[in-house]
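Q: Would you mind keeping the following structure in view while I ask a few things?
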Amino acid sequence: MGTGTPVSYLDGSDIGTAKDSIDQFSIVVRPMYKWDKTKKTIFEAGYNTGTGTGNSDFESHKFTVAQAWSMGDSFWARPEIRVYGSYITDGEGTTFGEKGDSEFVLGIQAEAWW
Numbered sequence: 339m340g341t342g343t344p345v346s347y348l349d350g351s352d353i354g355t356a357k358d359s360i361d362q363f364s365i366v367v368r369p370m371y372k373w374d375k376t377k378k379t380i381f382e383a384g385y386n387t388g389t390g391t392g393n394s395d396f397e398s399h400k401f402t403v404a405q406a407w408s409m410g411d412s413f414w415a416r417p418e419i420r421v422y423g424s425y426i427t428d429g430e431g432t433t434f435g436e437k438g439d440s441e442f443v444l445g446i447q448a449e450a451w452w
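Listed below in structure tokens is the structure:
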């Protein structure tokens, strides 16, 4: 079993033509269970908050579960194919328009480099 916990903080000024400021904090926890050398299940929970351009506040949450297959047991083994489902919420209720303040997304992702 592996895990990753990225944390980031951003403070920017004079952004874009309006010379706005951004203040943002994000944290993600990403535990993973390896079934064997090529198959793993990944869970992810994330939180993002701050003040964006035009002094607008934002807040969001993301919960994801993914099944991944790769060409080896290293964290960096590629290519990797993932089938995932993500539940995303918006604290202000503005991101998803008429759909409300949350969305469920299903997808397939391939990652490779050479």
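Okay, so the sequence shown: first residue is 339 according to this note's numbering, each after it adds one. Don't be surprised by glycine CBs; every beta carbon is placed ideally from N, CA and C.
1) Can you list, in chain order, the stretches of the alpha helix (DSSP H) that have 4 or more residues and sit fully within the segment 362 to 413?
2) Go ahead and label Lys378 buried or exposed: buried means 16 or more other beta carbons lie within 10 angstroms of its beta carbon, across all protein chains shown.
3) Going by beta carbon distance, what residues of the same chain come within less than 6 Å of Asp411, once the five residues before and after it are set aside?
4) For Asp439, name the three-state secondary structure that DSSP assigns.
5) Just list the residues that DSSP pairs Ser424 with in beta bridges.
6) In angstroms with no decimal places, state the Cα-to-Cα distance between Trp414 and Phe396.
7) Going by C-alpha distance, which of Asp361, Met370 and Val367 is nearest Gly388?
8) With a cut-off of 8 Å on the beta carbons, I'd call His399 and Tyr422 a contact; round off their distance for me.
9) Residues in its own chain within less than 6 Å of Ser440 by CB, not counting five upstream and five downstream?
A: A quick look at the data gives this:
1) You should have found no qualifying run.
2) To locate residue 378, count along the sequence shown from 1; it is residue 40. Taking every protein chain shown into account, the CB of Lys378 has 16 or more other CB atoms within 10 angstroms, so this residue is buried.
3) Along the sequence shown, read from residue 1 onward, the residue named residue 411 stands at position 73. Here the set comprises Lys375.
4) Reading the sequence shown from its first residue, position 101 is the one you call residue 439. In this structure, DSSP gives Asp439 a state outside helix and strand, which the three-state scheme calls coil.
5) For this step, residue 424 is matched to residue 86 along the sequence shown. As a beta-bridge residue in DSSP terms, Ser424 pairs with Thr402 and Val443.
6) Looking up residue 414 in the sequence shown gives position 76. Looking up residue 396 in the sequence shown gives position 58. Trp414 and Phe396: Cα-Cα distance of roughly 32 Å.
7) Walking along the sequence shown from the start, residue 388 turns up at place 50. Closest in C-alpha terms to Gly388, from the list Asp361, Met370 and Val367, comes Asp361.
8) One-based indexing of the sequence shown puts residue 399 at position 61. One-based indexing of the sequence shown puts residue 422 at position 84. Their Cβ separation, rounded to whole angstroms, is 16 Å, which puts His399 and Tyr422 out of contact at 8 Å.
9) Mapped onto the sequence shown, residue 440 falls at position 102. If we look at Ser440 and ignore the five residues flanking it on each side, its Cβ neighbours are Thr427.
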